[in-house]
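Each remark here refers to the structure printed beneath this line.
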Amino acid sequence: MSLEKIVLRGLLRHYWRKGLNANAATEQICQIEGAGVLHRDTAYSWFKRFKEGNISLEDKPRPGRPAELDDEDLLAALEAEPHSSTRELSATTGHSKTTIHRHLNEIGLVNKRPRQDPHELTDAQAERRVQVCQQLLENPLDDRFWRRIVTGDEKWIFLRNPDKRKQWVSPGQEFGVAKQDRFGKKVMLCVWWNYQGIVHFELLRDGLAVNATLYTQQLERVHEVLRTRYPGLVNRNQVLLQHDNAPAHRAKMTKAKIQELDGIEVLPHPAYSPDLAPSDYGLFRSMAHFLRGRRFDNFDAVETGCQEFFASKSQDWYHSQIRILAQRWMTVIDNNGIYFEE
């Protein structure tokens, strides 16, 4: 222990015996020995120790640190508390944060945020996902098959879209963005697309959402576009409609309308599976980046923005997003139906 520490601790004990508090003692010592020579927290710690009856100026005995960190001990600490930081693990094991970090890397562990799953799947739902994906993989996965698929979905588009990306700022500079107001002005985008691009899209005014009645009307309009642009597919009953299990999509009225429309068959889609919907994992995810930081003054501006985004994607991009389905079906099977890391 250095002589300076002994002197400072002796002065602290002297002023404690004189009845000064830790704050006053710190001021007196800094006046004598020099500004900043003693921190108030140190004085508080020693005064607490003196009050507890220990007036020794020596450091408390510390348990010796093990020469080498045992990986099993580290794993046991993580099993007890998986959310532990390297600082907390250092306190638990008695090793430095650098040592903890090195051993975690050697073990092959990384610190990750939990995946936000869209739904807590039951065993039966996970099993059903596997069964449907196995059934889908029985199709001939060639270009003729992918070109038959028309996929559709809905997405809310807000007129104000804050940009929450990180940015470089000066040290100490603060900046912030307004939180997305989920009750703010928004319009519903309804879109259908295939390997070539957008087949049809509509925007619903005044915050309206989709119900079975509206959806069946929309399907009639989509069917008319398909008859005009892809008459061969419609005439040969080869259009595969890929949509999710939203209430409007699985309603009896919708099923009856699809049976009524010539040339359309529904591609099986397991419940609670946005990871198997091209609009969710492809189109809308990319669109979210496009909308970041954008503000729309009115309905027409939103429509123009949608057209701009759709046109920015090449035919190869649309084709690739449809074909990714095969990879995702196989991944669901490999993961026994549970959601997978993207």
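Each residue of the sequence shown is one higher than the one before, starting from 1127 at the first, in the numbering used here. Beta carbons are placed, not taken as given, at the ideal position from N, Cα and C, and that holds for glycine.
How is the alpha helix (DSSP H) around residue i delimited, first residue to last?
i     : result
H1445 : Q1441 to D1460
D1279 : Taken as a continuous stretch (DSSP letters only), D1279 belongs to no alpha helix (DSSP H), being part of the beta strand (DSSP E) at I1275 to F1284.
L1409 : From DSSP, L1409 is part of no alpha helix (DSSP H); its letter is neither H nor E.
H1227 : K1223 to I1233
K1174 : R1166 to K1177
G1428 : Here the sequence assigns Val to residue 1428, which means Gly is not the residue at that position. Element bounds for V1428: F1425 to S1438.
D1197 : D1197 to A1206
T1212 : T1212 to T1219
Could you check if residue i is buried or exposed, using at least 16 other CB atoms within 10 Å of its CB as the buried criterion?
i     : result
E1232 : exposed
N1287 : buried
T1354 : exposed
T1430 : exposed
E1130 : exposed
N1462 : exposed
K1312 : buried
I1132 : exposed
R1255 : buried
F1422 : buried
I1148 : Looking at the sequence provided, one finds Ala at residue 1148 rather than Ile. Buried is the call here.
G1302 : Note on G1302: pLDDT 49, under 50, position unreliable in the model; the coordinate value appears next. The residue in question, G1302, is exposed, as its Cβ has fewer than 16 Cβ neighbours within 10 Å.
H1349 : buried
G1278 : buried
Looking at residue j and residue i, is the spacing between their C-beta atoms short of 8 Å?
i     : j     : result
I1275 : Q1385 : no
P1244 : Y1398 : yes
I1155 : L1183 : no
L1451 : P1404 : yes
V1360 : D1388 : yes
H1229 : L1200 : yes
D1401 : R1362 : no
Y1356 : Y1444 : no
V1470 : H1326 : Here the chain covers residues 1127 to 1468 and nothing more, so residue 1470 does not appear.
Based on the DSSP output, what are the partners of residue i in its beta bridges?
i     : result
Q1368 : T1277
L1315 : K1281 and L1329
G1323 : N1320
R1421 : R1286
Could you pull the start and end residues of the beta strand (DSSP E) that residue i belongs to?
i     : result
A1153 : Reading the sequence as shown, one finds Glu at residue 1153 and not Ala. Taken as a continuous stretch (DSSP letters only), E1153 belongs to no beta strand (DSSP E), being part of the alpha helix (DSSP H) at A1148 to E1159.
Problem set entry | Segments of 4+ residues assigned as alpha helix (DSSP H) that fall wholly inside the stretch 1356 to 1403 | If we require 4 residues or more, the alpha helix (DSSP H) runs fully inside the stretch 1356 to 1403 come out as 1357 to 1361, 1373 to 1376 and 1378 to 1386.
Problem set entry | Inside the stretch 1245 to 1270 only - alpha helix (DSSP H) runs reaching at least 4 residues | Every alpha helix (DSSP H) of 4 residues or more that sits fully in the stretch 1245 to 1270 is shown, in chain order, as 1249 to 1262.
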